[in-house]
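Contents: one structure, followed by commentary.
There are 2 protein chains.
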Amino acid sequence: MNDALKIFKIGGGIIDEPAQLRVFLRELSRVPGPKVLVHGGGKGASDMLRALGIAPQLVDGRRITDAATLDIVTMFYAGKTNKQIVAGLQREGVNALGLSGADGNLIRAQKRPVTEVDYGFVGDLTEAGINTGLLRQLLGAGLLPVCCAITHDGQGQLLNTNADTIASTLARALAPHYRVALHYCFEKDGVLLDVNDPASVLPRLTPGQYQELKASGAIAAGMLPKLDNAFAALAAGVEQVVIENALNINETTKTVLCPS
Amino acid sequence: MNDALKIFKIGGGIIDEPAQLRVFLRELSRVPGPKVLVHGGGKGASDMLRALGIAPQLVDGRRITDAATLDIVTMFYAGKTNKQIVAGLQREGVNALGLSGADGNLIRAQKRPVTEVDYGFVGDLTEAGINTGLLRQLLGAGLLPVCCAITHDGQGQLLNTNADTIASTLARALAPHYRVALHYCFEKDGVLLDVNDPASVLPRLTPGQYQELKASGAIAAGMLPKLDNAFAALAAGVEQVVIENALNINETTKTVLCPS
Numbered sequence: 001m002n003d004a005l006k007i008f009k010i011g012g013g014i015i016d017e018p019a020q021l022r023v024f025l026r027e028l029s030r031v032p033g034p035k036v037l038v039h040g041g042g043k044g045a046s047d048m049l050r051a052l053g054i055a056p057q058l059v060d061g062r063r064i065t066d067a068a069t070l071d072i073v074t075m076f077y078a079g080k081t082n083k084q085i086v087a088g089l090q091r092e093g094v095n096a097l098g099l100s101g102a103d104g105n106l107i108r109a110q111k112r113p114v115t116e117v118d119y120g121f122v123g124d125l126t127e128a129g130i131n132t133g134l135l136r137q138l139l140g141a142g143l144l145p146v147c148c149a150i151t152h153d154g155q156g157q158l159l160n161t162n163a164d165t166i167a168s169t170l171a172r173a174l175a176p177h178y179r180v181a182l183h184y185c186f187e188k189d190g191v192l193l194d195v196n197d198p199a200s201v202l203p204r205l206t207p208g209q210y211q212e213l214k215a216s217g218a219i220a221a222g223m224l225p226k227l228d229n230a231f232a233a234l235a236a237g238v239e240q241v242v243i244e245n246a247l248n249i250n251e252t253t254k255t256v257l258c259p260s
Numbered sequence: 001m002n003d004a005l006k007i008f009k010i011g012g013g014i015i016d017e018p019a020q021l022r023v024f025l026r027e028l029s030r031v032p033g034p035k036v037l038v039h040g041g042g043k044g045a046s047d048m049l050r051a052l053g054i055a056p057q058l059v060d061g062r063r064i065t066d067a068a069t070l071d072i073v074t075m076f077y078a079g080k081t082n083k084q085i086v087a088g089l090q091r092e093g094v095n096a097l098g099l100s101g102a103d104g105n106l107i108r109a110q111k112r113p114v115t116e117v118d119y120g121f122v123g124d125l126t127e128a129g130i131n132t133g134l135l136r137q138l139l140g141a142g143l144l145p146v147c148c149a150i151t152h153d154g155q156g157q158l159l160n161t162n163a164d165t166i167a168s169t170l171a172r173a174l175a176p177h178y179r180v181a182l183h184y185c186f187e188k189d190g191v192l193l194d195v196n197d198p199a200s201v202l203p204r205l206t207p208g209q210y211q212e213l214k215a216s217g218a219i220a221a222g223m224l225p226k227l228d229n230a231f232a233a234l235a236a237g238v239e240q241v242v243i244e245n246a247l248n249i250n251e252t253t254k255t256v257l258c259p260s
């Protein structure tokens, strides 16, 4: 029987709130067993781009990563945010170690091909690009890897990569080696049956139930890509996906997605 | 007999010149055996502070690291510079892994006490603050640790720390475990007998010769702190200190400092 491994993903909302981030890191230090943390970036990078007079370029709501933008997001994600999280976990007695995808060749991605849109220095990835051996060594040494959303192409180029995708790809790549639970942490307590009622958290969701709720339009549209992604991870061997509040990860209120 | 270990230190000059940095990284990839790289920061952090309207505060030529400055130097040193170096080494086929002092609790420092001057978020360190176990694990796994000049205090605070000091402190802390050679790489070929004659490189320098040359005023004043520091490392068990050109580390022209 493989060991259990929990992969937590946090997003920009909590990174922008130091007091909330500290609550999350303290709660994370109380979660037993081996863990990996994946984090996105907050609005700091956008604020700095603006302060430097670099206008964000968006196509259909997705940022174009030109060279100047890549520099700034690398500074924020791999520098400030990653090191503040690592130092914050060390404060809680957790031996965290921060990584970009270039470090130890952890995540090798491909620059997204230019089609109608040139997204610039953006990386797409597959499980084959994950250096699971390094992660297993670090976890075996009692470390908590903290992964930011910067990858590389192996040819010296850093690439900006979606943090949700990194978390689910890590989970899929590690599924042959661990019983992986993937925890998406955000500002709500889980998947809500009624988006206006924070108490309407679904405790459990199977693919069948999800299809029914999707068809009836009960689940908020914004949750659909995350849930599609989550069920794809379950189908690919991840044991469990949990959708929960970043401030309450040790509470029982959450949505657990199960393969059946 | 302990294994050999080479610790290389590069400074801001080469970091500001991408083409030169690439030459250094390629040459570094050709150096056999286990290695550690320590890097300072270039002028990018100062440029950005200026662009953001944050005036550098200097006392006796030393920067005061206030909270805003710490954020920027963390972004540059631990983010942009560290990850560009790591990605550049990966391109050369070297499995580099970037670290701040917070990562894996690699370097725990003390915030410099406030006396007549408050240097702000600056860290002072001793060999006791170095996690030699982590470095030995990473080196044993075939990785090349790339250390930036950001440390932490273990209580969640990141600290700006002198890169020369980090390199010599790492060398001293690792001396019981390896035959350590500490390589200070800069823009000259070594210690010059005549600062105006680039060909006047001293091939070898013992403490006795150094004291004679120091007394006669032959060595450039700017080299004295570096050399004092280097001989202190030799006295503390480091096998060899090398002063050499960052662009020519595999050439034979260099100054080798020996204990006797």
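Chains W and P are the protein sequences, given in the same order. If you read the first sequence in full-length UniProt numbering, its first letter stands for residue 1, the second for the next number, and so on. If you read the second sequence in full-length UniProt numbering, its first letter stands for residue 1, the second for the next number, and so on. Where a beta carbon is used, it is the ideal one built from N, C-alpha and C, also for glycine.
Residue i at chain W interface by Cβ criterion, 8 Å
| i | result |
| --- | --- |
| residue 65/P | no |
| residue 109/P | no |
| residue 20/P | no |
| residue 154/P | yes |
Bounding residues of the alpha helix (DSSP H) (the contiguous stretch that carries residue i)
| i | result |
| --- | --- |
| residue 71/P | 67-74 |
| residue 86/W | 82-91 |
| residue 23/P | 18-29 |
| residue 207/P | 207-216 |
| residue 235/W | 224-235 |
| residue 49/W | 44-51 |
Any C-beta of chain P under 8 Å from that of residue i
| i | result |
| --- | --- |
| residue 23/W | no |
| residue 12/W | no |
| residue 100/W | yes |
| residue 150/W | yes |
| residue 74/W | yes |
| residue 118/W | no |
| residue 160/W | no |
| residue 157/W | yes |
| residue 68/W | no |
| residue 103/W | yes |
Extent of the continuous beta strand (DSSP E) to which residue i belongs
| i | result |
| --- | --- |
| residue 248/W | Residue 248/W -> no beta strand (DSSP E), and no H or E assigned at all. |
| residue 9/P | 3-10 |
| residue 143/P | From DSSP, residue 143/P is part of no beta strand (DSSP E); its letter is neither H nor E. |
| residue 37/W | 35-39 |
| residue 98/W | 96-99 |
| residue 126/P | From DSSP, residue 126/P is part of no beta strand (DSSP E); its letter is neither H nor E. |
| residue 255/W | 255-257 |
Beta-carbon separation (whole angstroms), residue i vs residue j, contact threshold 8 Å
| i | j | result |
| --- | --- | --- |
| residue 143/P | residue 5/P | Their Cβ separation, rounded to whole angstroms, is 13 Å, which puts residue 143/P and residue 5/P out of contact at 8 Å. |
| residue 148/P | residue 77/P | 4 Å |
| residue 122/W | residue 170/W | Residue 122/W to residue 170/W, Cβ: 18 Å. No contact. |
| residue 250/W | residue 31/W | 7 Å |
| residue 261/P | residue 12/P | Since the displayed chain P opens at 1 and closes at 260, residue 261/P lies outside it and no answer follows. |
| residue 180/W | residue 238/W | 5 Å |
| residue 164/W | residue 9/W | 6 Å |
| residue 256/W | residue 204/W | 5 Å |
| residue 139/P | residue 104/P | Wrong, their Cβ atoms sit about 13 Å apart, outside the cutoff. |
| residue 161/P | residue 217/P | Actually they are not in contact, since the Cβ atoms of residue 161/P and residue 217/P sit about 32 Å apart, beyond 8 Å. |
| residue 166/P | residue 107/P | 7 Å |
| residue 109/P | residue 97/P | Contact flag wrong, Cβ pair sits at about 21 Å. |
| residue 2/W | residue 183/W | So it is not a contact: roughly 18 Å between Cβ atoms. |
*List in chain order: all unbroken alpha helix (DSSP H) runs of 4+ residues lying wholly within the segment 149-200 of chain P.*
163-174
*Mind listing which residues of the segment 31-44 of chain W have their C-beta closer than 7 Å to chain P's C-betas, in chain order?*
In summary, no residue of the segment 31-44 of chain W has a CB separated from any CB of chain P by less than 7 Å.
*Could you run through the segment 72-97 of chain W and flag, in chain order, every residue whose CB is less than 8 Å away from some CB of chain P?*
74, 75, 76, 77, 78, 79, 80, 82, 83, 84, 86, 87, 88, 90, 91, 95, 96, 97
*asked:* Taking beta-carbon pairs under 7 Å, can you tell me which members of the segment 121-150 of chain P lie near chain W?
replied: 137, 141, 143, 150
*Listed in chain order, which residues of the segment 43-57 of chain W have Cβ atoms closer than 7 Å to some Cβ of chain P?*
51, 52
*Scan the segment 205-228 of chain P for residues whose Cβ lies nearer than 7 Å to a Cβ of chain W and list them as they occur along the chain.*
Answer set for the segment 205-228 of chain P: empty.
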